[in-house]
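Here's the structure, in structure tokens; my notes come after.
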Amino acid sequence: MNAIPRTRFMALAAALAVSLAAGAASAQTVKVAVPTFLTGGGAPTYGVPAKNGVELVVRAINEGTLPAPYDSVGMAGRKVDLVVYDESGGGTKQVTELRNKVQKEGVDVVAGYISSGSCAAIARVAEELQVLTLLSICGTPRIFEELVKEPKYLFRIINHSTGGNVGAAHYVVRKLRGNVKDGYIGINQNYAWGQDAWRDFNLAMQTLSPEFKPARKQQFPKLFSGQYGTEISVLLRAKEKLVHSSFWGGDLEAFIAQGTARGLFERKTFVWPVGEITAHRLGKKFPNGQLARGPYGLYAEGIDTPLNKWFRSEFRKAYKQSPSSPAYHYADSILAAKYAYDTAMKANGGKFPSTDQVIKALEHATFDILAAKVKMSLGKGHQAVTSDRWGYAEWDDAKGEIVVRDVVEFKAECVNPPEGVNAAEWVKGGMKGAKCD
Amino acid sequence: MTWRRDKTLWGLTLGLAALLLLNFVVPDWFTNILTLSLARGSVALGLLVLWRCGLISFGHALYFGFGAYTVGLMSRYLGITDAFLTIACGVVTAGVLAYGLGFLLRQYRGIFFALLNMAFSMILYGVLAKLEELGSTDGISLEATTYLWYAPLGAENKTALFVFAAILTWGVAVLVHLYLRSTLGHMTTAVRENEIRLGYLGYSGERAVHAKYVISGLLGGFGGAVAALTIGHVDPDSMVYWPVSGDFVFIAILSGTGNVVAPFIGALMYELIRTYAFDQFPGIWQLIMGGTLLAIIMFLPNGLWSLVERRRSRGGPGSADRLQAREEEA
Amino acid sequence: MSAVLEVHDLEKSFGAVVAAHDINVVVEEGETIGVIGANGAGKTTFVNLVTGHLPPGGGTVEFMGRSILGLSVRAITRLGLCRSFQVPQVFLSETVFDNLMMAFGVAEEDGAGLLTPLMEEERAARVEAHLARYQIADYRDVIGSALPQGIRKLLDIAMATVRKPKLLMLDEPTSGISAEEKFAIMDILMQALKEERTTVLFIEHDMEIVERYVDRVLAFYQGEIICDAPTAQAMRDDGVREYVLGRGHDAGAETRAAASGRSSSGEETLAVSDLDVSIGATPILRGVHLSVPSGSMCGLIGRNGAGKTTFMRAVMGALSVQRGTVRLGDVDLAATPAHRRAHLGIGFMPEDRRLVPELTAEENVLLPVWATRADNALERLRWIYGLMPEVEEFRHRGATSLSGGQQKFVAFARALMCGTRLLLLDEPGEGIAPIFAQRMVEILDDLKKEGASVLVAESNDVHIARLLDRTFVIERGSIVDDR
Amino acid sequence: MDPELLLIILVDGLVYGSYLFMVAVGLTVICGVQKLLNVTHGALYAFGAYLAATLLILYFRLDWPQFGAFAVMLLSALFLGVVFGLIIERGLLRHLYHEDEHIIVLATFAAFLVLEDVLLLIWGTDPYLAPEPLGLLGATEIAGLPFDNYSLSMVLLSAVVAAVLWYGLNRTQFGKLLLAVIYDRELAQAMGINVNRIFLLTFMLGSFLGALGGAYQAPAISVQPGIGVEVIVLAFAVVVIGGMGSIPGALIGSVIVGVARAFAVHQEPALELFVIYMIMAAVLIVRPQGLFAPAKPRTI
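Protein chains in written order, with this note's numbering: chain A, 963 to 1399; chain B, 2 to 331; chain C, 12 to 494; chain D, 2 to 301.
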């Protein structure tokens, strides 16, 4: 090997490295990195609304225009410096990006992540990097049950996915007994979220009402396949009337378009654990059915907290549409961060708190988010629980929008396992310790 | 020409020393990029071995993923976190797979070889994404790596891993370099240009390709194992899906086939370009990567290493012939 | 003496074409055997079958008393049965030294030994000795693609002998080598082989070579051995004279010149001057001057590899002109896109026919008209059918169902279709049965009477000499004789 | 097995197969004539879907006859075929024809990456929905199940495309000239055929077919980022199964994969993911050149 080109190359690399390091944080802000899907199939339904929600709330925080209790300027008095970046590309890239954001750009808080894959990949790294990380959407219960059993820096501000699917089963058993007497069948995307969603729903159904039987075989089409003609034939032929589908995004929209053309939704009743976002977009074209989950998006309509009213009206003003649940989730994470910083500052005698103090303030806390209260009660005080709301969605001609009727609210303790119990085993074991009513 | 003193071994050793020293200077995130470059560079080195005999695999994420998942599964199910043992197993399993598939693939050349590899990698992707036991699309997170009795934590672990990976990669690169100097290793032009003649010299092109394929599989497994330890997590989307294979070919093109050192330089360049594009132009980073690849193909068809070769070829008798040979290849 | 190779009842066919039938050969140790026969007679197929490149349809092959039927090329080579090739198979981007180094490496190493370094002093010394033995040491550091044809041929053979084979099969060792060089090279070769006590079987077209170096001759005709006899005896054999040497037809040669109808008008249809052409980095044509006067029939005569086809391809625009001019009348062809030549009235018949397999004979003939949208297409077609009534007979048959000779006629007709000003015919008589070759000459004769401007490339002018107004002899890429 | 189920599997398989064929046919045309594997094909599909969806949304705001929607799809595909054909062939591929086939694939891969982001720059991340044409043709009952006629019309469209291409290639003068180019570029040139122009036209045709595949799918899917990535792998697989450049091969390959997949979805859904790759691997093991490609000539 020749020495000359090598030195030249190293010089080049060093120059690049220096230019990359430029733009490191200035001291007087709280730097918040927000990973969300800006490209790829996750961007339109999840990534972009989430980004919009965050940007709206951060602007308001920096201007001090949020309603109480978040009406002070900044987080612990410091303005928020927002860095939104792309979550696509898989776990490996997210780990590298997280390192870059923390070690190169010096961010103080990471708030975001949509895909469970991203969360699973970065969970341990966040702990290793010692950066306060608030997971926003990714649903997998494994984060605090398996990956990080002694969390310090890692928090999640919403229910994990088990709650949603357990809630669905409760709702079916309570309100839709007539539709499920021939059993139920599932069509879910063939990846971790789809598989988990079906498993939780199925186990919860078996625990609550063993007389209703699942179909012999379930459909698991490939993620982003876009062509569902054959699957629709299978569903049409099936004797089961109730269909569980955790589809989302473009796949759900394509499935609805193709199913509508073949009269699928007139013959079957669908349970959509994450259909709410698509219902927003499709409006009248969305087939009637059950939606999940939590006091977000559509379900937050009519929840009259000042925060929620502010959010809905400002969001409509800024983006000409109603906020869907990802916008809520991401905004809620920022609120959680603000809550933690502000509380920690108070405890610190009005001085800017250390990260450890911020963490202390957030662990086991109970605080307001946009349309509800959260309790950080699971995962040693790092995993939030909220109540879960289910209902039947319908197009309302008079209002000109989708409305939800027959809403049932399940308490957090009803659809979530108690502290220290593995979610999957909890459902499998008959959901012992659940407090419903 | 043929008797030119072999500087590559010295270069590799100097490079190792430089890397180890660099570790004390550069920030942590850069160390991470360096370790990843070593991993990806190893896979690209495997592609180099194939490419020299005119073959490209559009599915080497298969071996990368196989090595990575071996490490991941050992950590998850057996609780084995020892770097020596897991990497060794990752390499061996990938090698065994390559040996088996090699019996089929060695019969193919050109685009069929490339695409058949892609098909196999997509089958692995399907299996991994489907089976919950293998972590499905969420993948598997690894426990902290240990080194025999040494179990560092946090940042220390990353440094340890970097040193460990650098030394191992050095060893791997040296072995590959020695292989390329051997009779079997020299059967590259022979396979690419004239398998009939090779047969009539007394060796079959298919056997030579098989050997190279196994070597490239071993290197893929090695890269995957090191990457898994570096990332601390394995998942199908970022380790087995077809664009990942595309990235390896990208690195190979960027590097050129001139020398075993080239893929590592190429991998580092790739990481830096990607990081930079992602930082500065988050909306259009793919466009920048694509543009870079196009520019390389159009203006630097023999990769970065050709810059080194070009400089070197100005001196020394006999080098003109080799350069001419290179033009012939083009 | 004991038998090195015994072949019995060897059979092989490709579809309907019988390439080997009832082949029986016994080669004794120390013999030098010549295999002769026209193109397509099955000579190379015989070598391919024996060395394991092609699976035989039937029969037995024993080498050194052991059956080698079904063994791979690699295994047979390792037993000591090696070959060279008609078109040299060397590693074109490697130097002569590296080519031989590879050959020695593969010959000397096996198993784990293959993983030891290729370059070692002692092996290099053996390579140098081999270079000296074959007198190619001057070209030691030249890459394969830049070698002169003769040297490349020697290198090819040198690579085949690295293993010190018991039996060496050479496929046309002197094809593509100039007449002056051929004996010199054969002397080098036979001397080197004698030193190594190798039994040799070689395929050869050149009877001077056969008569000078060979003990015994095997004559092939249409996949069968029609004569197996000592050289002198074989040369007198009627079958050999008729089917291999083609001398039975030479009687017509005295009509030379008598048939030359019109004389040329003095204008030049094709004028080429100072033409240099390279393929890759290898210069092929050097300073070629050639002209075809209007209404004349000219010959471009030279051995395989002398540059005939390269010249034709350069005129047709398939290769770019490095230097010099190529003009058709007053059109500068070098500055004209390749496909315009047909529009300008140049018709080209490639050596290897190249009929589009999906089309019928007539569709192939009409291709140039469809592309150029020329007028009077039907008239011209009728004229061509008048010239070659046999083509009209099989005009509706698919191109692939025609025999080699018939395909050659179709290719000829296709060239005529657009060749209103100039015809370029690359080896019209090559690779077809004598009866077809004879007919081809008749057609050329008719064409000459019609006053067409024609350039015919042939490796020898035995059959067509009487038709030629002017002959250019090409050797190693230069015109060496213009008469 | 229940004959009704068999019929349904057949229909489902044909519908899916026709989707595969429409996605792959443009790729196989370019592959056959120009001997190159064009990764930008995936981007063409995406562009076709985006442009058609955008124009359809605009079109249905007008009060024009609804069946004009089909003209909208056709025209957007034509437009893209011509524009992209020109840009990619003239701007990129023309300079690379002398290169190794791998290099050309990589160049188109790079161009694909660039085009994906160009798509994002033009249309943003918002999905586009234009499902109106889906309901336009009504539904048919087959074996007791409703099938929308739009999906069935795709089978017809594929058959028409295949027939037109086959006829054009084997029965017209232009097609015969094309056969000459496919067989031997140099000879074709010597016969007076302008190979450069044929290449450009072929590339435009292939691009048009790719865009048409996207445009015709647009009403049935949600048009959004990333749809091209999925399509390109499927198209490659079909082309490899059918034999590179063979139109009947692509047709039969598509039908085989479609029916096999439908069978899996109905009987053993767990296998659905692997069907196409298993068929591809199986075909390559038995017939390395694909179902319909000619064998290679002898070399010595």
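By construction, the Cβ of each residue, glycine as well, lies at the ideal position given by its N, Cα and C atoms.
Computed from a prediction, not measured in an experiment: that's the story for all the values here.
Taking the C-beta atoms as reference points, Ala426(C) is found nearer than 7 Å to Leu434(C). In the three-state DSSP reduction, Leu377(C) falls in the helix class (H, G or I). Look at Tyr1032(A) here: in three-state DSSP terms it is coil, with no helix or strand label. Around the beta carbon of Ser1078(A), 16 or more other beta carbons sit within 10 angstroms, so the residue counts as buried.
Beta-bridge analysis with DSSP links Tyr148(B) to Tyr151(B). Here the C-alpha atom of Lys1394(A) lies approximately 8 Å from the C-alpha atom of Pro1379(A).
For Arg89(C), the chain B residues whose C-beta falls within less than 8 Å of its own C-beta are Gly203, listed in chain order. Interface residue (Cβ-Cβ distance to chain D less than 7 Å): Arg1161(A) is not classified as such. The alpha carbon of Lys23(C) has as its nearest neighbour, out of Thr71(C), Val225(C) and Ala157(C), the alpha carbon of Thr71(C). Here Ile57(B) carries a coil assignment [DSSP, helix/strand/coil]. For the segment 230-262 of chain D, the set of positions with a beta-carbon nearer than 8 Å to some beta-carbon of chain B reads Val230, Val234, Phe237, Ala238, Val241 and Met245 in chain order.
Look at the beta carbons and you see the segment 232-244 of chain D touching the segment 282-297 of chain D: at least three pairs across the two are nearer than 8 Å. By the criterion of a C-beta distance shorter than 6 Å, Thr109(D) is surrounded in its chain by Asn39, Val40 and Thr41, once the five residues flanking it on both sides are discounted. Cβ-Cβ separation between Gly1015(A) and Pro1235(A): approximately 20 Å, too far for a contact (criterion under 8 Å). Under DSSP, Val288(C) shares a beta bridge with Leu296(C).
Collapsing the DSSP output to three states places Trp1210(A) in coil.
As a beta-bridge residue in DSSP terms, Phe213(C) pairs with Gly45(C) and Leu181(C). Look at Thr1001(A): its C-beta is under 7 Å from a C-beta on chain D. As computed with DSSP, Glu235(C) is found in a beta bridge with Tyr232(C). In the displayed model, Glu269(D) falls within coil according to three-state DSSP, outside both helix and strand. If the five residues before and after Leu370(C) are omitted, its C-beta is found closer than 8 Å to the C-beta atoms of Leu378, Gly409 and Ala410, all from its own chain and listed in chain order.
At a cut-off of 7 Å between beta carbons, Leu125(C) contacts chain B. Along the segment 283-294 of chain B, the positions whose C-beta sits under 7 Å from a C-beta of chain A are Pro283 and Gly284, read in chain order.
Residue burial is scored here from C-beta neighbours: His350(C) has at least 16 other C-beta atoms within 10 angstroms and is therefore classed as buried. The beta carbon of Tyr60(D) is closer than 7 Å to those of Gly69, Ala70 and Val73 in its chain, skipping five residues each way along the sequence. Taking the C-beta atoms as reference points, Phe231(C) is found nearer than 7 Å to Gly48(C). Every candidate beta strand (DSSP E) stretch fails here, since none sits fully inside the segment 241-273 of chain B while reaching 3 residues.
Burial check for Glu132(C): the Cβ neighbour count within 10 Å stays below 16, so the residue is exposed.
With contact defined as three or more Cβ pairs closer than 8 Å, the segment 1211-1219 of chain A and the segment 218-231 of chain D are in contact.
Comparing alpha carbon positions, the residue from Arg208(B), Glu310(B) and Leu20(B) closest to Ala86(C) is Arg208(B). Residue state for Leu199(B) is assigned as helix, using DSSP reduced to three classes. In this structure, Gln333(C) lies away from Asp285(C), with their beta-carbon atoms at least 7 Å apart. Counting only the Cα atoms, Asp182(C) lies some 21 Å from Leu80(C).
Interface annotation, Gly116(C): in contact with chain B, CB-CB separation under 7 Å. With a 10 Å radius around the Cβ and a threshold of 16 neighbouring Cβ atoms, Gly101(B) comes out exposed.
A distance below 8 Å between beta-carbons, with the five flanking residues on each side excluded, links Leu111(C) to the following residues of its chain, in chain order: Val138, His141, Leu142, Leu166, Ala169, Met170 and Val173.
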